[in-house]
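Chains as they are written, first to last, in this note's numbering: chain A, 4 to 77; chain B, 25 to 724. For each residue, glycine too, the CB sits at the ideal point set by N, CA and C. Working notes, beginning with the structure itself.
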Amino acid sequence: MEICSSELKIGEVATIASINLDEIPLKLLEMGCLPGNSITLIQVAPLGDPLYFNVNDSHVAIRIETAKEITVTK
Amino acid sequence: MSKNPIKVALIGNPNVGKTSVFNELTGLNQQVGNYPGITVEKKQGVCKLNETTKAKIIDLPGTYSLNASSIDENVVIELLLNKNDEDFPDVAVVVTEVENLKRNLLLFTQIKDLEIPTILVINMADRMKLKGIELDIPVLEKELKTKIALISSRKKIGIDYLKDLILNYNVLSTEPCLNASSIDPEYFNNLRRAFPNQLLYKLWLVITQDVNFLNLDRNEIKSSFTKSHSDLKKLQQKETIKRYQFINDTLKLGQKIDVSKATDIRAKIDRILTHKIFGYVIFFGILMLIFQFLFDWSSIPMDFIDETFANLSSLAKQHLPAGEFTNLISEGLIPGIGGIVIFVPQIAFLFLFISVLEESGYMSRVVFLMDKIMRKFGLSGKSVVPLISGTACAIPAIMGARNIENWKERLITILVTPFTTCSARLPVYAILISLIIPEKRVLGFLSLQGLTLMGLYLLGFGMAVFSAYLLNRYLKLKCKSYFVVEMPSYKIPMFKNVGINVLEKTKAFVFGAGKIILALSVILWFLGSHGLSDNFNNAEKIIAEQNLNKTLSSAEFDDLVNSYKLENSYIGYMGKAIEPIIRPLGYDWKIGVAVVSSFAAREVFVGTLATIYSVGSHSEEETTIKNRMAAEIHPETGIKVFNFATGISLLLFYAFAMQCISTLAIVKKETNSWKWPIIQLVFMSGFAYVTSLIAYQLLK
Numbered sequence: 004m005e006i007c008s009s010e011l012k013i014g015e016v017a018t019i020a021s022i023n024l025d026e027i028p029l030k031l032l033e034m035g036c037l038p039g040n041s042i043t044l045i046q047v048a049p050l051g052d053p054l055y056f057n058v059n060d061s062h063v064a065i066r067i068e069t070a071k072e073i074t075v076t077k
Numbered sequence: 025m026s027k028n029p030i031k032v033a034l035i036g037n038p039n040v041g042k043t044s045v046f047n048e049l050t051g052l053n054q055q056v057g058n059y060p061g062i063t064v065e066k067k068q069g070v071c072k073l074n075e076t077t078k079a080k081i082i083d084l085p086g087t088y089s090l091n092a093s094s095i096d097e098n099v100v101i102e103l104l105l106n107k108n109d110e111d112f113p114d115v116a117v118v119v120t121e122v123e124n125l126k127r128n129l130l131l132f133t134q135i136k137d138l139e140i141p142t143i144l145v146i147n148m149a150d151r152m153k154l155k156g157i158e159l160d161i162p163v164l165e166k167e168l169k170t171k172i173a174l175i176s177s178r179k180k181i182g183i184d185y186l187k188d189l190i191l192n193y194n195v196l197s198t199e200p201c202l203n204a205s206s207i208d209p210e211y212f213n214n215l216r217r218a219f220p221n222q223l224l225y226k227l228w229l230v231i232t233q234d235v236n237f238l239n240l241d242r243n244e245i246k247s248s249f250t251k252s253h254s255d256l257k258k259l260q261q262k263e264t265i266k267r268y269q270f271i272n273d274t275l276k277l278g279q280k281i282d283v284s285k286a287t288d289i290r291a292k293i294d295r296i297l298t299h300k301i302f303g304y305v306i307f308f309g310i311l312m313l314i315f316q317f318l319f320d321w322s323s324i325p326m327d328f329i330d331e332t333f334a335n336l337s338s339l340a341k342q343h344l345p346a347g348e349f350t351n352l353i354s355e356g357l358i359p360g361i362g363g364i365v366i367f368v369p370q371i372a373f374l375f376l377f378i379s380v381l382e383e384s385g386y387m388s389r390v391v392f393l394m395d396k397i398m399r400k401f402g403l404s405g406k407s408v409v410p411l412i413s414g415t416a417c418a419i420p421a422i423m424g425a426r427n428i429e430n431w432k433e434r435l436i437t438i439l440v441t442p443f444t445t446c447s448a449r450l451p452v453y454a455i456l457i458s459l460i461i462p463e464k465r466v467l468g469f470l471s472l473q474g475l476t477l478m479g480l481y482l483l484g485f486g487m488a489v490f491s492a493y494l495l496n497r498y499l500k501l502k503c504k505s506y507f508v509v510e511m512p513s514y515k516i517p518m519f520k521n522v523g524i525n526v527l528e529k530t531k532a533f534v535f536g537a538g539k540i541i542l543a544l545s546v547i548l549w550f551l552g553s554h555g556l557s558d559n560f561n562n563a564e565k566i567i568a569e570q571n572l573n574k575t576l577s578s579a580e581f582d583d584l585v586n587s588y589k590l591e592n593s594y595i596g597y598m599g600k601a602i603e604p605i606i607r608p609l610g611y612d613w614k615i616g617v618a619v620v621s622s623f624a625a626r627e628v629f630v631g632t633l634a635t636i637y638s639v640g641s642h643s644e645e646e647t648t649i650k651n652r653m654a655a656e657i658h659p660e661t662g663i664k665v666f667n668f669a670t671g672i673s674l675l676l677f678y679a680f681a682m683q684c685i686s687t688l689a690i691v692k693k694e695t696n697s698w699k700w701p702i703i704q705l706v707f708m709s710g711f712a713y714v715t716s717l718i719a720y721q722l723l724k
C-alpha cells in the first residue's frame, strides 16, 4: 500500500517508493533518502511537526511538508 | 634536515569526530583564523610525523558531500578544486565513523573522483562491539582503493598508524573507485571531448556548483554544457544513487552487522528527551541550571579577581614613585585589565555549557522540540542554536544561522539574535544588579540576584521572539522552506575537545575585547586626568576659595578637588555635552560617558566607570569597582547615583540597545547589505531609549 511518509505510525517500517525531486533537498538524498531504501518513523515532535525518521540508518528530522513528498510502501 | 611539511586536509561529515581527530593529531599546536574575505573559521595545526617530517593539517568545515549548500561547504570544494592554492593538500584524510559508514562513504567516493591521494579514517572503532559491527579492512581497502586507519579518537587507538599512512602518502592510489560518468554517457563524453585536459568530475562540480574556479573559464563550460536546473538535479540524484549502489555493494563484502546487537539506544533516549512534556521540562531544567551556575556560583572566583586587582592597584600606587606614569598604571591600566579578567569565569562557564550541549548531540533535539513553536514567530527550530549561543556572543551565533536553509527564517534569526543577552552584557548586569537588588534568597536557595539575572535573560529572549513575530508579519519574502536536521547519536563530550574550545573562545574574548577595553581605558584615563581650561589647572585654588569659611579635613579637601578636576577635564566636558540627552533616563554625565564608550563594546561600561571613578576618588576603603559605584552620590540631589530607578533604566537600556560594532559588521557581511545593520542599530537603540525613559520616569 502506498502512503506518504508523514502518515506512518511511530515505529512503523516502510520502503521508499518514490520521492518528489523538485521538493526534496539534495542534502536529504545524500543522507540516503532514495527509492528502495528503508524508512522508519521514530518520533513526532510534541506539536505534531517536525517528524523524526530513520532513513537508511541516517537519523534525521524533517518537516511534514517535506515528508509528504516522500511516498512509501508498507 | 627538515623538509617541507606534508599538507593534509581533514574532510568529513558533521558529527563523525573530525575535530577530535584533529585535536589528537595536533594537540595544542593549532591556530584558528578566518578564510580571507569570508567569516568561515579556518583551523590548522602542525603534527610531528617523525624526527624529520611534519604535517600541516587543515581541518575543513564539515560537509555531507561535495554538493555545497553553504559558504562553509564551498570552502571545501574551492580548496580541493584549486591546485594552485597554497593549502592544496598532498593527501586528503576523509574521516568517517563506524555507525554511519554507509552515508559517510558518499563523500569519500566524491573525493576519490578528484584523484587526490586519499586516506580513509574509520573513527569510533571502540563502539563496534557494542553495535555488533565487524569490518573486513583488507577487502574494504581493495574495493575503495585506499588505505584505511581504523581508529578511536576517544580511546586514542590507531593515531600512530594514521600518522604512518600520512607519512607514506605517495604509495596511495589516485584511481577513482567508481565511474560516475556512466549516469549520462553521452553528456559526459561531449564534456570530455571539449576539455580533454581537465578532470571530468571537476568539470561536473564546476557546472553544478556555484564555486569560484580560477583555472577554468566557468562561463565557457556553462554556456555550452548547461542544462535546466531540474535536469541537473535529476543527474545529481542519479549520481547519488549510483554512488550508494557502489557503497552498498562494497559494504556487503566488507561489513557484517549483527542486527540482534544493534539496539537503538539513541531512539530510546530520544523518546524521553523529545517527549511532549518531559522534553520541555528537561530543556528548561538545563537552562535553569546553567543560569544558576553563571550568576550565583561564579561570583566566588569573580569576587576574588575583583579584590586582587583592587589590591594590585593600591600596591602599585604605594611602591612606584609618584607621578604621571604611576597614575597611568594604577588608575588606567590595572582597573582596565581587571575589568576584562573579572568576566573570564562566567564566559568560560558559558562556553563550557554550550560546547557540552553541542558535543553531546543534545542541541539537535532542542531544534526538533522547538521547530513548530519557533515557526509561529517566523523562525526555524534551528534558530534556537543561535539564540542560545548568542548568550555567549552574537557574532558566532549569527554565523551559526548559516545552516538555516530558508532565507527569510535565517534573516529574521540574524536580525533578532543581538537581543539575546551576550556575555558582554553580563558584566554590566552583574554589577548593576549587585548594586540595586538586595542579597536575599527566595524559597531558601534561589538567590534573588540570580533570579533577576535570569529575568533579564528571559527578557532578551522574549524581545527577540517578539521582534521576530513583527518581522515575520511585515517582511514580504517568499522562500522555499527546507528543514533537515541530523540527529546524531549521543556521545559523552570529550574533555579535550570541550577544553580546547573553551580555551580558544575565552582567549578570543580576553584578547579581542581586551585590546579595545585596554586602549579605551588608557584614553579615558588621559581625558579624565587632563584638562585645558584654567578651572582644571587651578582646581586647588578654586576649591580653597569656595570653602574659605568651612573647616575641611585634608581627605575631604582632596575629594572635592578631584571631583572638581574631573568635571573640568576633557571627559567632563564631553559628558556634560551629552547630559541633556541622557538625563531623562536618570543618568549623570559619568554614566553617559560609559554608555557612549559602550558602543565600541558593551563590556567597556564597567571598565570605563572603574577608570572614571578611580580618577575621581582616592579614599582607601572604596577600592573595588562595586564599592566605588555604590558610594557615588549625586552632588545636587544628594541621593545615590546608582539608585533603583537609574539601575533599572540602565539594565533596560543595555538589554535592548544595539551597542556592538563587531555585530553590525558581521550582520553586514552575512546579509550582504548595509540596510539590515542600520535598521538594527536604529530600531534597537531607539527602542532601548524609549523603554529606559518610561521605566525611569515611572520609578523615580
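- Here the alpha carbon of B:A719 sits roughly 15 Å from the alpha carbon of B:A681.
- Measuring C-alpha to C-alpha distances from B:S553 to each of B:V585, B:P325, B:K515 identifies B:V585 as the nearest.
- The residue among B:F677, B:V118, B:P85 with its C-alpha nearest the C-alpha of B:E102 is B:P85.
- For B:K464, there is no enclosing beta strand (DSSP E), as DSSP marks it with neither H nor E.
- Against chain B, a Cβ distance below 9 Å from A:L37 picks out Q261, T264, I265, Y268.
- At a beta-carbon threshold of 8 Å, the residues of chain A lying near B:Y88 are K30, E33, M34, ordered along the chain.
- As summarised for the region 664-696 of chain B, the continuous alpha helix (DSSP H) elements at least 4 residues long and confined to that stretch are 668-680, 685-695, given in chain order.
- In the same chain as B:M478, and ignoring 5 residues on each side of it, the C-beta atoms closer than 6 Å to its own belong to F315, in chain order.
- Taking a beta-carbon distance threshold of 8 Å, B:F392 counts as an interface residue toward chain A.
- Counting only runs of 3+ residues, the beta strand (DSSP E) found wholly inside the region 508-540 of chain B occupies 508-510, in chain order.
- Annotation: Cβ neighbours of A:V63 in chain B (cutoff 8 Å, chain order): V508, V509, E510, M511.
- For B:D282, no chain A residue has a Cβ inside 8 Å of its Cβ, as the nearest lies near 15 Å away.
- Between A:L37 and the set A:D52, A:V58, A:L44, A:I45, the nearest pair of CA atoms involves A:V58.
- DSSP, read as helix, strand or coil, puts A:H62 in strand.
- Using a Cβ distance threshold of 8 Å, A:F56 and A:I67 do not count as a contacting pair.
- Contact note: A:T69 reaches chain B through S505, Y506, F507, V508, using a C-beta cutoff of 9 Å and chain order.
- The straight-line gap separating the alpha-carbon atoms of B:L339 and B:S545 is approximately 19 Å.
- Counting C-beta pairs closer than 8 Å gives fewer than three between the region 159-168 of chain B and the region 96-113 of chain B, which falls short of the contact rule.
- Listed in chain order, the positions of the region 410-431 of chain B with a beta carbon within less than 9 Å of a beta carbon of chain A are E429.
- Taken in chain order, the members of the region 290-308 of chain B whose beta-carbon sits within less than 9 Å of a beta-carbon on chain A are R290, A291, D294, R295, T298, H299, K300, I301, G303, Y304.
- The criterion of a C-beta distance shorter than 8 Å is not satisfied by B:N47 and B:N128.
- With respect to chain A, the C-beta atom of B:L104 has no partner C-beta closer than 8 Å.
- Residues of chain B with a Cβ closer than 8 Å to the Cβ of A:A17 do not exist; the shortest Cβ-Cβ separation is about 16 Å.
- If you ignore the 5 residues before and after B:G484, its C-beta comes within less than 7 Å of the C-beta of F443, T444, T445, A679, all in its own chain and listed in chain order.
- Among the CB atoms of chain A, none fall inside 8 Å of the CB of B:R151.
- Boundaries of the beta strand (DSSP E) harbouring B:L174: 171-174, taken from the DSSP string.
- Distance from the CA of A:V47 to the CA of B:I547, rounded to the nearest whole angstrom, comes to 58 Å.
- Taking a contact as a CB-CB distance under 8 Å, the pair B:N53 and B:G41 does not count as one, their CB atoms being some 19 Å apart.
- Note that the region 372-379 of chain B touches the region 514-528 of chain B; at least 3 beta-carbon pairs, one per stretch, sit closer than 8 Å.
- Membership of B:T50 in the alpha helix (DSSP H) is indicated by the continuous run 42-50.
- When A:D60, A:D52, A:V75, A:T76 are compared, the shortest CA-CA separation from B:L393 is found for A:D52.
- Note on A:N23: under 16 other CB atoms within 10 angstroms of its CB, so exposed under the neighbour-count rule.
- Here B:I172 is buried, its C-beta having at least 16 other C-beta atoms within 10 Å.
- Per the DSSP secondary-structure output, A:Y55 pairs in a beta bridge with A:Q46, A:A64.
- Residue contact with chain A for B:I397: present (Cβ-Cβ distance below 8 Å to some residue of chain A).
- 8 Å or more divides the Cβ of B:V100 from the Cβ of B:L34.
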